[in-house]
Each structure stands twice: as C-alpha cells, then as structure tokens.
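A short write-up of the structure that comes next.
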Amino acid sequence: MNVFDKAFLHNKFKAAVLEHKTQIGFGLVSGSAVNAEIVAGSGYDFIWIDGEHGPNTVTTIIDQARAIAPYGSHVIVRPLEADRALIKQLLDAGIQSIIAPMVESGEQAEYIAQSMYYPARGKRGFGAPAVRAGRWGRLPEYIKHAEDELFLAVQIESKKGVENLKDIVTTDGVDAVFLGPADLAVDMGYFGDFSGEEMQATIEKLIKYVRALGKPVGTIAGSPEEAKRYIDWGASFVVVGADTVFLAHMADSVLGACRSIVK
C-alpha cells in the first residue's frame with residue numbers, strides 16, 4: 001500500500017462502542033495463533049488477547065493478530081501490565097485497542113493514556129516508519145490519523161480502583177472502563193466468585209455509574225445469560241468465553257460422556 005488510505009486504519013470496534021452498539025468478544029489465553037484463527041472464523045466482534053495471564057510475548061501477540069486479521073474480528077490486547085514501554089511496543093505492532101489492567105488512580109490512568117499518544121498530547125515514541133503499525137513506511141501519514149483510531153479501556157478490578165473511579169473515568173484519553181469481576185470479587189472477599197447476589201449488585205452499580213459519567217463499559221460474562229444481564233444494565237462490550245476454558249470444558253464433557261457408556 002503506497003498511497004495512504006485513512007479507512008485502512010479505521011477502528012470499527014471503537015466507533016461501535018462509543019455509540020454503545022453492543023460488541024460481543026471472545027478471549028484468547030493460550031497464546032496459540034492456531035486457536036486465534038479458529039476462533040476468528042466464528043465472527044466475534046472482537047477477540048481479546050490476554051497478555052496478563054496467558055503465556056504471551058509481543059511476538060506471540062503479533063502472530064495471533066495476523067491469524068485473526070483476514071476474518072474481520074477486531075483485536076484487543078490486555079498487556080502484562082500497564083507499562084509505557086510495553087504499550088509502545090504493542091501500538092507499534094499494529095494493535096489499536098488496549099485494555100490496561102489493574103488501574104487504581106487518576107494519576108495512573110493519566111500515565112497510561114499519555115502512553116497511547118504522541119507529543120504534545122502524550123509521550124509515545126515515534127517509530128511508525130519502521131514497524132507494522134505504519135506498514136513499514138507504507139503509511140506515510142500514519143502519525144496524522146492513527147491516534148483518532150486508538151482505543152483505551154482501563155480495567156477496574158480492585159476496591160481502590162472503585163474508590164477512585166470518577167477520577168479514572170474522567171481522565172483525558174480514557175475511552176472506556178472494563179470491569180474485572182473476578183479480581184474485584186477476590187479483593188472484596190468473594191474468592192473470585194462474581195456470580196453471587198452482592199457481587200452482581202456491585203457490577204450493576206458500577207456499570208450504571210460509569211455510563212452516567214458518559215463512558216462505555218465492558219466486562220466478562222460467565223454465560224450468555226449473564227452477558228445479557230450486563231448488556232441490559234448498560235455494558236457495551238462483553239467477553240463471553242476463553243479458548244482454554246472452553247477446551248477444558250469440552251474435554252471433560254466428552255470424556256465424562258464416554259466414560260458413562262464404557263462398561
């Protein structure tokens with residue numbers, strides 16, 4: 001591509017979420033590009049590559065993004081940590097959407113947001129002509145248009161994050177909030193179980209509060225029924241499964257069924 005095409009960079013996921021058009025996603029934890037391609041064929045709106053808990057590097061993330069690219073699902077990455085250098089590598093690798101884990105203050109949110117943007121707005125280093133994001137110099141006007149298509153969701157998954165939620169949500173450059181219900185449930189003393197009545201009430205309250213502040217909300221659901229509940233409460237994007245979880249479940253289910261017929 002020798003002629004710059006702004007449409008080439010268009011982040012359809014961001015556009016949909018900012019208009020509160022529901023987006024359904026699937027998680028990749030295994031680090032496998034094969035799994036990424038299999039899941040991409042299902043047609044999810046977005047696929048979330050988990051660099052925090054999955055055995056991922058920037059290289060494995062790029063491999064998965066390449067496997068997904070022909071199928072049209074948007075790639076979102078949760079990095080190992082909300083580190084400026086790591087975010088820079090992911091953006092230069094062509095990742096447009098980031099979910100920053102464990103955000104607990106407005107100051108931290110500002111640091112992360114500045115990592116997404118070039119000066120004067122931010123502190124991202126410029127290497128687009130030499131990397132995948134700028135198609136190795138084939139998008140000469142990348143710096144003029146790319147920032148409009150970047151998407152940052154900050155993940156709230158602790159009591160401290162909840163306490164500072166307004167400061168975090170209203171930070172310039174934060175596009176959305178992603179609720180991490182499992183870690184939040186651990187921090188609130190529910191041992192990671194977010195299906196109980198009190199945790200569900202907390203999730204509902206947080207979704208509605210963030211929406212009232214004018215920002216989209218995403219989260220993780222344990223089932224389609226749970227996803228519907230979160231969407232009804234106002235969530236705009238929901239992750240409804242993960243490759244490792246589904247594989248373990250299906251392996252157990254098939255073996256159990258087979259054991260029952262073996263005499």
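Numbering-wise (UniProt numbering), the sequence shown opens with residue 1 and increments by one. Where a beta carbon is used, it is the ideal one built from N, C-alpha and C, also for glycine.
With 16 other Cβ atoms within 10 Å as the buried cut-off, status of residue 259: Start at 1 with the first residue of the sequence shown, and residue 259 comes out as number 259. The residue is exposed, with fewer than 16 neighbouring Cβ atoms inside 10 Å.
Report the partner residues of residue 91 according to the DSSP bridge assignment. On the sequence shown, position 91 is the one that residue 91 refers to. Assignment of beta-bridge partners to residue 91 by DSSP yields no partner.
For the segment 72–158, which segments carrying the alpha helix (DSSP H) assignment without a break, of at least 4 residues, lie completely within its bounds, in sequence order? 84–92, 106–115 and 142–145
Going by other Cβ atoms of all chains shown within 10 Å of its Cβ, with 16 needed for buried, is residue 262 buried or exposed? Start at 1 with the first residue of the sequence shown, and residue 262 comes out as number 262. Residue 262 should be labelled exposed.
Pull up the distance between the alpha-carbon of residue 15 and that of residue 27, whole angstroms please. Counting from 1 along the sequence shown, the entry for residue 15 is found at position 15. Counting from 1 along the sequence shown, the entry for residue 27 is found at position 27. The straight-line gap from Cα to Cα measures roughly 21 angstroms.
Does the distance from the C-beta atom of residue 173 to that of residue 113 stay below 7 angstroms? If you number the sequence shown from 1, residue 173 lands on position 173. If you number the sequence shown from 1, residue 113 lands on position 113. Contact annotation: residue 173 and residue 113 have beta-carbon atoms nearer than 7 angstroms.
Ordered list of beta strand (DSSP E) runs contained in the segment 5–52, each at least 3 residues: 23–28 and 46–50
Is the segment 200–218 touching the segment 227–237 in the sense that three or more CB pairs, one from each, lie closer than 8 angstroms? yes
DSSP beta-bridge partners of residue 179: Within the sequence shown, residue 179 is the residue found at index 179, counting from 1. Within the DSSP bridge table, the entry for residue 179 names 156 and 219 as partners.
Look at the alpha carbon of residue 244 and the alpha carbon of residue 53, and state the distance between them as a whole number of angstroms. If you number the sequence shown from 1, residue 244 lands on position 244. If you number the sequence shown from 1, residue 53 lands on position 53. If you take the alpha carbons of residue 244 and residue 53, they lie about 11 angstroms apart.
With H, G and I counted as helix, E and B as strand and the rest as coil, what does DSSP make of residue 184? Residue 184 sits at position 184 when you count from the first residue of the sequence shown. Helix at residue 184.
Distance CB(residue 82)-CB(residue 100) smaller than 7 angstroms: Position 82 of the sequence shown, counted from the first residue, corresponds to residue 82. Position 100 of the sequence shown, counted from the first residue, corresponds to residue 100. Contact flag set, yes.
Using the three-state DSSP reduction, which class does residue 192 fall into: helix, strand or coil? The residue labelled residue 192 in the question sits at position 192 within the sequence shown. Three-state DSSP puts residue 192 in coil, outside helix and strand.
Distance check for residue 252 and residue 106, CA to CA, integer angstroms please. The residue labelled residue 106 in the question sits at position 106 within the sequence shown. The residue labelled residue 252 in the question sits at position 252 within the sequence shown. In a straight line, the C-alpha of residue 106 is about 43 angstroms away from that of residue 252.
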